[in-house]
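Student: Before I ask anything, let me first share the structure, which is written out below as structure tokens.
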Amino acid sequence: MLNTLPKIRNLREARAIGCDGVASKKKSLFQVIQEQVESKVTNEALEAAPSRFRHCTPRTKEALYYREVFEKNYEGQASSFMPYYWMPKWIQVDDPSARFISHYKADTT
Numbered sequence: 001m002l003n004t005l006p007k008i009r010n011l012r013e014a015r016a017i018g019c020d021g022v023a024s025k026k027k028s029l030f031q032v033i034q035e036q037v038e039s040k041v042t043n044e045a046l047e048a049a050p051s052r053f054r055h056c057t058p059r060t061k062e063a064l065y066y067r068e069v070f071e072k073n074y075e076g077q078a079s080s081f082m083p084y085y086w087m088p089k090w091i092q093v094d095d096p097s098a099r100f101i102s103h104y105k106a107d108t109t
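Mind the numbering: the sequence shown is residues 1 to 109 in the working numbering, read in order.
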């Protein structure tokens with residue numbers, strides 16, 4: 001097996017590779033993205049999503065934004081690329097960010 005990924009010495013280093021490593025401590029990257037999407041996607045567009053996208057219907061404005069970007073490039077091919085939309089069954093959230101899973105405790109120091 002090829003060793004193509006660098007060895008990560010500790011969890012803090014591993015987290016820095018993810019989205020927390022590219023944003024400020026006060027505002028994570030996912031929060032910055034959600035703020036931007038909030039101004040680009042209307043409530044009406046989100047309400048119309050089930051009729052526009054019957055397969056893997058976007059449930060959040062962020063998901064709808066990404067789906068619209070996808071459809072611009074791969075119109076009508078969502079079912080080929082995304083056979084289903086997976087979310088953990090043991091939590092009650094629609095947002096895929098791990099920040100909203102109660103077992104995840106963000107380090108704000």
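All C-beta atoms in this analysis are idealised placements derived from N, C-alpha and C, irrespective of residue type, glycine included.
Treat the numbers as computed from the prediction; the structure is a model and nothing was measured.
Is Val41 helix, strand or coil by DSSP?
Tutor: Three-state result, Val41: coil.
Student: For Ser79, report the span of its alpha helix (DSSP H) as first-last.
Tutor: Its alpha helix (DSSP H) spans residues 78-81.
Student: Taking 9 Å as the threshold (C-beta atoms), are Thr57 and Ala114 in contact?
Tutor: The first residue shown for the chain is 1 and the last is 109, placing residue 114 beyond what the model contains.
Student: Which same chain residues, not among the five before or five after Val41, have their C-beta less than 6 Å away from its C-beta?
Tutor: The residues are Lys61, Leu64, Tyr65.
Student: Helix, strand or coil for Glu68 per DSSP?
Tutor: Three-state DSSP puts Glu68 in a helix.
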